[in-house]
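Heads up: the sequence shown is residues -34 to -1, 1 to 534, going by mature numbering (1 follows the signal peptide of the UniProt record, and there is no 0).
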Amino acid sequence: MVSPATPSAAAAGCWHCRRHLALPMSLLVPSCLALLLAEAAGIPTTLDGPFPPATRAFDRALRQGSDDVPLTDPRLAPRARPPAPEQIALAASADAGSLWVSWVTGRAQVGSDLTPLDPAAVRSEVWYGERSAAAAASYPRVATGSAEVYSQLYPYPGLLNYTSGAIHHVRLRGLCPATRYYYRCGDSSLSGGLSDERSFTTLPATGAGSYPRRVAVVGDLGLTGNSTATVDHLAQNDPSLVLMVGDMTYANQYRTTGGKGVPCFSCSFPDAPIRESYQPRWDGWGRFMEPITSKIPLMVIEGNHEIEPQGHGGEVTFASYLARFAVPSEESGSNTKFYYSFNAGGIHFIMLGAYVDYNRTGAQYSWLDKDLQRVDRRVTPWVVAAWHSPWYNSYSSHYQEFECMRQEMEDLLYRHRVDIVFSGHVHAYERMNRVFNYTLDPCGPLYITIGDGGNIEKIDIDHADDPGKCPSPGDNHPEFGGVCHLNFTSGPAKGKFCWDRQPEWSAYRESSFGHGILEVVNSTYALWTWHRNQDAYGENSLGDQIYIVRQPDKCLLQSTIPLEDALL
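Shown next as structure tokens:
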């Protein structure tokens, strides 16, 4: 855990807190209470920053990676017999009054000549209520939705095709916030067509006085032995919401014939006519995640491993991602699953797409601008953004890869005072100092890279500032968008493509698998904890912990300037 470099600056600026120490705990000013608790626990706050850059070296006693779990593992193998639902998953809607329920029925098929299932052959129903019920008819409410089937088709000799089971999506409406509901999903007209009873608790109502208990954040998860350790550890921390910042299954580390997954597809299969995917890995992943996703909303955003090109020349992409996940795209006005937003209590979450147009003249930028303008910080004080590929990254892997996206969108997020940004893509952990345009700025977002979920491509351990590890400007081309690599124009790295030491905007970095937990305390304080997988075996062991502090009185919202002026 990183310790503050100096005595608490927050304490010096909030001396009046100590005058209230004699008061009952319930009467303390909330922000002062959070500060006093932080000081008592020895936890630094962002007010103590910027912090001197720190690196914890990779622990060579740990494995850098592990193999994928086989589909024959009981956690991945089919457990439900058709027409019973499987792969049940929840997703938040625009607010706490509604929720998405998704599941799969029928069997997927792999082969050459396939006949897709009829998605309308099985109903999409969710029976639910605030009390447990022995039968569907005993629930007071039922909601219906729709189903779809997707296929992965390759016009290349020797490659096998895939067609999915029926994927159902039902939106529940009129829910009470912060309330436990019991439900069964499936088709009540078919024998064995309904799931066993499950339950979930809705998110708190939108408003500054209520927040999700814990928000888990994980990226680049995959389905290896390390991935299962991450998920087990995450479940122990009992979150009420999970953010998945891209690269879910790594099904595209396989040939279509299955076999064994590999860390590098192009290295192992240089003669493959296209970047193949083995879609049954998606089904195994859905079954493995079901114990969590059937009771806790999982909010996803696409990564590069979800591209999964198919057809002639790869003209069809993201078929599995678009079919399998329900997200509040229509509710948030984006009308696309590639980017969207939602509220969870006093937090406004924005999920952005790094693999669709992000230019200032494009639809995503226009939607983001309008979405940010609609945010009322009196109602949702916290604004948290997430996308797959990091803008700030001091590792060699993916170094400056999405510099174009940063140049297009960073100013918009800064002007609207986005508080925290989560990304993955780099298979390691890194927390930045508050930064804007590569300059330390107390009003910039706190960027955190959390792409260390445990996937088959192994952990990243090389830093761009290590001797001989600076990538060439010709390296790290993104799978979408242009190349905007640059040399720094100011500061200690002026004129250079890489720093010769850890950059000043990088506060802490470590190469270990794990996940993060965000606990918002009030409208200005939130506790961020990075849990390494090995910490599950040590008492009071943490990878990184800090209180993130908003300063709305100092970091004022900036008025939005016209788009034509922003382009000058």
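Ideal placement from N, C-alpha and C gives every residue a C-beta, glycine not left out.
Apply the 10 Å Cβ neighbour rule to residue i and answer buried if 16 or more other Cβ atoms are within range, or exposed otherwise.
| i | result |
| --- | --- |
| residue 43 | exposed |
| residue 452 | exposed |
| residue 399 | buried |
| residue 519 | exposed |
| residue 185 | buried |
| residue 339 | exposed |
| residue 510 | buried |
| residue 336 | exposed |
| residue 426 | buried |
| residue 120 | buried |
| residue 172 | buried |
| residue 122 | exposed |
| residue 155 | exposed |
| residue 233 | exposed |
In its own chain, which residues sit with a C-beta less than 7 Å from the C-beta of residue i, not counting the 5 before and 5 after it?
| i | result |
| --- | --- |
| residue 435 | 362, 428 and 429 |
| residue 471 | 358, 398, 399, 401, 404 and 406 |
| residue 194 | 35 |
| residue 507 | 501 |
| residue 116 | 130, 285, 286 and 289 |
What residues in its chain sit with their C-beta under 6 Å from that of residue i, if we drop five residues either side in the sequence?
| i | result |
| --- | --- |
| residue 216 | 188, 271, 421 and 422 |
| residue 366 | 451 |
| residue 75 | 129 |
| residue 243 | 217, 218 and 274 |
| residue 601 | Coverage of the chain is limited to positions -34 through 534, which leaves residue 601 absent and any answer about it impossible. |
| residue -11 | Residue placement at residue -11 is poorly supported in this model, since its pLDDT is 41, which falls under 50; the coordinates still yield a value, given next. Within the same chain, residue -11 has no close Cβ partners at all. |
| residue 34 | 189, 190, 227 and 422 |
| residue 19 | 468 and 472 |
| residue 63 | 141 |
| residue 306 | 293, 294, 295, 298, 300 and 317 |
| residue 447 | 370 |
| residue 89 | 153 |
What are the partner residues of residue i, as DSSP defines its beta bridges?
| i | result |
| --- | --- |
| residue 206 | DSSP output for residue 206 lists no bridge partner at all. |
| residue 425 | For residue 425, which the question treats as bridged, DSSP gives no partner whatsoever. |
| residue 121 | BP columns for residue 121 are empty, so no partner. |
| residue 307 | 316 |
| residue 263 | 56 |
| residue 510 | 496 |
Please work out which residues of its chain come closer than 8 Å, Cβ to Cβ, to residue i, disregarding the five sequence neighbours upstream and downstream, and give them in chain order.
| i | result |
| --- | --- |
| residue 253 | 41, 42, 43, 44, 45, 52 and 53 |
With DSSP collapsed to three states, give me the class of residue i.
| i | result |
| --- | --- |
| residue 396 | strand |
| residue 87 | helix |
| residue 197 | helix |
| residue 103 | helix |
| residue 466 | coil |
| residue 365 | coil |
| residue 402 | strand |
| residue 488 | coil |
| residue 298 | coil |
| residue 13 | helix |
| residue 278 | helix |
| residue 481 | strand |
| residue 31 | coil |
| residue 524 | coil |
| residue 502 | helix |
| residue 217 | helix |
| residue 271 | helix |
How far does the beta strand (DSSP E) with residue i in it reach, from first residue to last?
| i | result |
| --- | --- |
| residue 329 | From DSSP, residue 329 is part of no beta strand (DSSP E) but of the alpha helix (DSSP H) over 329 to 340. |
| residue 476 | 472 to 476 |
| residue 169 | Unbroken run through residue 169: none, as it is neither H nor E. |
| residue 20 | 20 to 22 |
| residue 112 | 112 to 114 |
| residue 412 | 412 to 416 |
| residue 151 | 146 to 152 |
| residue 68 | 65 to 71 |
Check whether chain D comes within 8 Å of residue i, counting only Cβ atoms and requiring the distance to be less than that.
| i | result |
| --- | --- |
| residue 425 | In the displayed structure, chain D is absent; only one protein chain is listed. |
What residue does the alpha helix (DSSP H) around residue i start on, and which one ends it?
| i | result |
| --- | --- |
| residue 251 | 246 to 259 |
| residue 370 | 369 to 381 |
| residue 355 | Residue 355 -> no alpha helix (DSSP H), and no H or E assigned at all. |
| residue 389 | Counting along the chain, residue 389 falls outside any alpha helix (DSSP H), though it belongs to the beta strand (DSSP E) covering 386 to 389. |
| residue 179 | Note, residue 179: premise wrong, no alpha helix (DSSP H); not H, not E. |
| residue 289 | 285 to 290 |
The ligand ZN and residue i: does the residue's C-beta get closer than 7 Å to at least one heavy atom of that ligand?
| i | result |
| --- | --- |
| residue 257 | Questions concerning the ligand ZN fall outside what the structure shown contains, since it holds no ligand whatsoever. |
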